[in-house]
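When the letters of the sequence shown are read in order and numbered with this note's numbering, they come out as residues 1 to 336.
Beneath this line is the structure, given in structure tokens, with notes to follow.
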Amino acid sequence: MSLSDQEEHTEGNFLSQDHGFKPIDVGALDSFDDEVSLKKPDTEPDFNRFKLLFDPLEIQREEGGFEAVYRVTKKLKEELFEPLIQGADVVTNKPDVKKEMCAPLEETQNVDEPEDEPTPEEQGFAAGYEQGMAQGLEKGLADGHAKGYGEGLEKGRKEGFKQGETDGFTKGEAAGFEKGLEEGRDVGKQEIVQEMTQVLDPFRQALETADQMLENMLARYEIQLVELVCQIAGKVVMAKLDSDDTVIKNTILDALSQLASPEEITLSVAEEDYEYVEMIKEVFFESVRSLTHITVNTDAMIPKGGCRIESAGASIATDPETKLKAVYEAIAQAGV
């Protein structure tokens with residue numbers, strides 16, 4: 001039914017049976033009532049406009065996930081039919097059909113409708129979603145931790161190996177240097193000792209040979225050597241006696257020291273020493289406090305430098321030659 005038929009039916013002006021329904025000229029749909037169209041008669045009609053006039057407004061409901069996104073109260077389409085071409089000077093007195101049709105719909109939209117309770121299926125979906133989310137999160141955390149731990153462990157091993165290799169090389173180099181230096185010193189010492197041994201062995205052998213030869217010579221010529229030494233010593237002593245008069249003084253003092261508190265003594269000396277002994281007689285009194293009297297005599301049997309002392313209880317005779325003979329005999333008895 002066209003828009004004009006709807007208006008007549010609404011106002012109560014029913015058409016007579018003579019008129020009836022007439023076929024609609026499809027080409028006339030693009031221009032009705034007082035609307036001015038600039039299209040040519042051969043232009044194809046706009047079926048979308050025709051469909052918009054007679055098809056009921058659709059209320060769409062879209063759902064997403066487990067929860068309804070849009071309800072019945074979804075905003076209805078507000079864009080109704082609008083003329084494609086509107087004359088600038090055309091004035092219509094027809095009522096605003098757009099407002100009349102939209103008014104009930106707007107009232108419907110303004111009515112607060114209670115929200116629908118979620119269905120058991122939606123509730124189960126939500127519960128399963130939450131549980132699955134928790135399980136997935138837990139498993140994801142475990143798998144992620146295991147994967148991250150494995151990768152971190154592998155990377156840590158590589159980095160630790162590199163760091164350990166570097167540190168170990170540094171420490172090992174220092175330790176090896178110290179150890180090598182110490183071993184080098186030891187080896188060097190051993191080599192030096194070996195070389196010195198090779199160099200010194202001939203000298204050691206020569207010294208040992210010389211020592212052995214000397215021992216053999218001493219053993220072979222021991223008596224002759226001792227006699228020679230004694231003869232040399234006698235010559236030295238006699239030369240000393242001829243040049244130094246103090247030898248007789250020391251000989252007399254040595255003999256007096258062997259007597260026990262002598263008081264009156266008779267001192268016999270060689271003729272060469274008599275005058276000198278008389279001159280130094282007071283020295284003997286000073287050295288031996290117990291002496292009270294000294295008688296000095298000469299004796300041709302006493303060699304130069306010798307003396308004989310006689311006291312009330314003892315008699316002592318001594319001279320350098322006698323002392324040399326005593327030393328010689330002691331050496332001979334010792335087996336030197």
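Note that beta-carbon positions come from the ideal geometry of N, C-alpha and C, so glycine has one too.
Can you tell which of the options has the C-alpha that lies nearest to the C-alpha of residue i?
i: A260; options: I294, Y276, G313; result: G313
i: E286; options: P202, A270, E263, D273; result: E263
i: C230; options: L324, P120, Q135; result: L324
i: R289; options: E321, L256, L141, V236; result: L256
i: M301; options: S268, V283, R220; result: S268
i: A239; options: A127, I252, E321; result: E321
i: T266; options: I316, R204, K249, E159; result: I316
i: I248; options: G184, E278, G144; result: E278
i: Q258; options: Q198, M217, I309, A233; result: I309
What span of residues does the beta strand (DSSP E) with residue i cover, start to end?
i: S315; result: 315–318
i: S268; result: 264–269
i: E310; result: 307–310
From the DSSP output, in three-state form, read off residue i for me.
i: V187; result: helix
i: R220; result: helix
i: T295; result: strand
i: S243; result: helix
i: E117; result: coil
i: G64; result: Residue placement at G64 is flagged as unreliable, the pLDDT there being 49, under the threshold of 50; the coordinate-derived value follows with that caveat. Here G64 sits in strand by DSSP.
i: L259; result: coil
Just curious, the alpha helix (DSSP H) that residue i is in, first and last residue?
i: I252; result: 246–256
i: K304; result: Per DSSP, K304 belongs to no alpha helix (DSSP H) and is neither H nor E.
i: S287; result: 281–287
How many Å lie between residue i and residue j at the Cα?
i: G132; j: F125; result: 10 Å
i: Y328; j: A270; result: 24 Å
i: D299; j: L225; result: 34 Å
i: T209; j: E215; result: 10 Å
i: V237; j: A326; result: 14 Å
i: E275; j: D211; result: 53 Å
i: T318; j: P202; result: 53 Å
i: D186; j: E151; result: 50 Å
i: T246; j: P303; result: 15 Å
i: Y129; j: K139; result: 15 Å
i: K155; j: G164; result: 14 Å
i: I223; j: E191; result: 48 Å
i: T251; j: T295; result: 17 Å
i: G188; j: E173; result: 21 Å
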